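Enquirer: What the sequence shown shows, in this note's numbering, is residues 10 to 93, in sequence order.
I have a structure here, written as structure tokens, and I will follow up with some questions on it.
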Amino acid sequence: MTHTAVFRFATPDARALYLSVRQEMGDVGDRSSVRVMLADDDTLVLEVSATDIPALRAALNTWLRLITIAVEMRELAVPSDVSP
Numbered sequence: 010m011t012h013t014a015v016f017r018f019a020t021p022d023a024r025a026l027y028l029s030v031r032q033e034m035g036d037v038g039d040r041s042s043v044r045v046m047l048a049d050d051d052t053l054v055l056e057v058s059a060t061d062i063p064a065l066r067a068a069l070n071t072w073l074r075l076i077t078i079a080v081e082m083r084e085l086a087v088p089s090d091v092s093p
């Protein structure tokens, strides 16, 4: 049985976040797979699948952390009071 979780992040920085994390897509374990894509200019989609719940949890922890770090770095690089 495959378990899947899908997260959609609505943000004007979706493209920048996608470019930040896409290079990590090839670096996943044997029990999980990850797809990161843009649904549109303002929506980043993270889809994580795994063969079991512990693998899904581990992959989600990793990928949600990667996206959080990308958001934090984007906020440091481009303060919210400045247009990109």
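Every residue gets a Cβ at the ideal spot worked out from N, C-alpha and C, and that includes glycine.
In this text the structure is predicted, and so the values were computed from the model without any measurement.
(1) Let me confirm a value: Val45 is counted as buried when at least 16 other C-beta atoms fall within 10 Å, else exposed. Which label applies?
(2) Let me know the secondary structure DSSP gives Val54 once reduced to three states.
(3) Could you check if Ile62 is buried or exposed, using at least 16 other CB atoms within 10 Å of its CB as the buried criterion?
(4) Using 10 angstroms around the beta-carbon of Val15, count the other beta-carbons present and answer buried if the total reaches 16, otherwise exposed.
(5) Could you check if Ala59 is buried or exposed, using at least 16 other CB atoms within 10 Å of its CB as the buried criterion?
(6) Rounding to the nearest angstrom, what Cα-Cα distance links Ala25 and Met10 in this structure?
(7) Classify Val43 as helix, strand or coil using the three-state DSSP reduction.
(8) Following the continuous alpha helix (DSSP H) through Arg66, name the residue where it begins and the one where it ends.
Expert: Reading off the structure:
(1) buried
(2) strand
(3) exposed
(4) exposed
(5) buried
(6) 34 Å
(7) strand
(8) Ile62 to Ala86
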